[in-house]
Structure formats: C-alpha cells, structure tokens
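S.K.: Residue numbers (our numbering): 4 to 80. Backbone N, C-alpha and C fix where the C-beta goes; we use that ideal spot for every residue, glycine too. Below are the structure tokens for one structure; questions will follow.
Spelled out as structure tokens, the structure:
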C-alpha cells in the first residue's frame, strides 16, 4: 500500500507525467542507435582482427608443411 501511494505521489510531485518524461524518448533512441553503431564497429574490428590472425596462423602452418615436405623430399627428415 505504501509503495502504491509513493508511485502515485511521485509523478504528481514532479508536475505530472509529461514533464517527467519529456524529451527522454529521443534521448533514449539516440543512445540506442549510438550503442548499436558502437557494437557494429567493435564486431567488424574483431572480425578483421580474427581473420588476420587466422591468415597468419594458416601461413605459418603452410610454411611448416612446405618445410616438412622439402625435408622429406631431400631425406633430411
């Protein structure tokens, strides 16, 4: 009962519902869009980073394979 009274009283004390929420919708929308853009940029950055790491690992593996093949071919292994 006390919580309900406070819930009703607080918006009235602040001057009604409209002034309390005025302009917050746009602000919230803008923040959400900024958050989405930031997440998208982070995702793309991490994807590029991961791809470059994979490529370097693949190059290392391919070089190792080539070395092994050459060593086998030359009877060094």
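Rounded to the nearest angstrom, what separates residue 39 and residue 53 at their Cα positions?
M.R.: Translated into positions along the chain shown, residue 39 becomes position 36. Translated into positions along the chain shown, residue 53 becomes position 50. Approximately 21 Å between the Cα atoms of the pair.
S.K.: Look up residue 78 in the DSSP assignment and say whether it is helix, strand or coil.
M.R.: Residue numbering aside, residue 78 sits at position 75 when the chain shown is read from its first letter. Note: residue 78 maps to coil in three-state DSSP.
S.K.: Using the Cα positions of residue 60 and residue 42, report the straight-line distance between them to the nearest angstrom.
M.R.: For the purposes of this step, residue 60 is taken as the residue at position 57 of the chain shown. For the purposes of this step, residue 42 is taken as the residue at position 39 of the chain shown. If you take the alpha carbons of residue 60 and residue 42, they lie about 26 Å apart.
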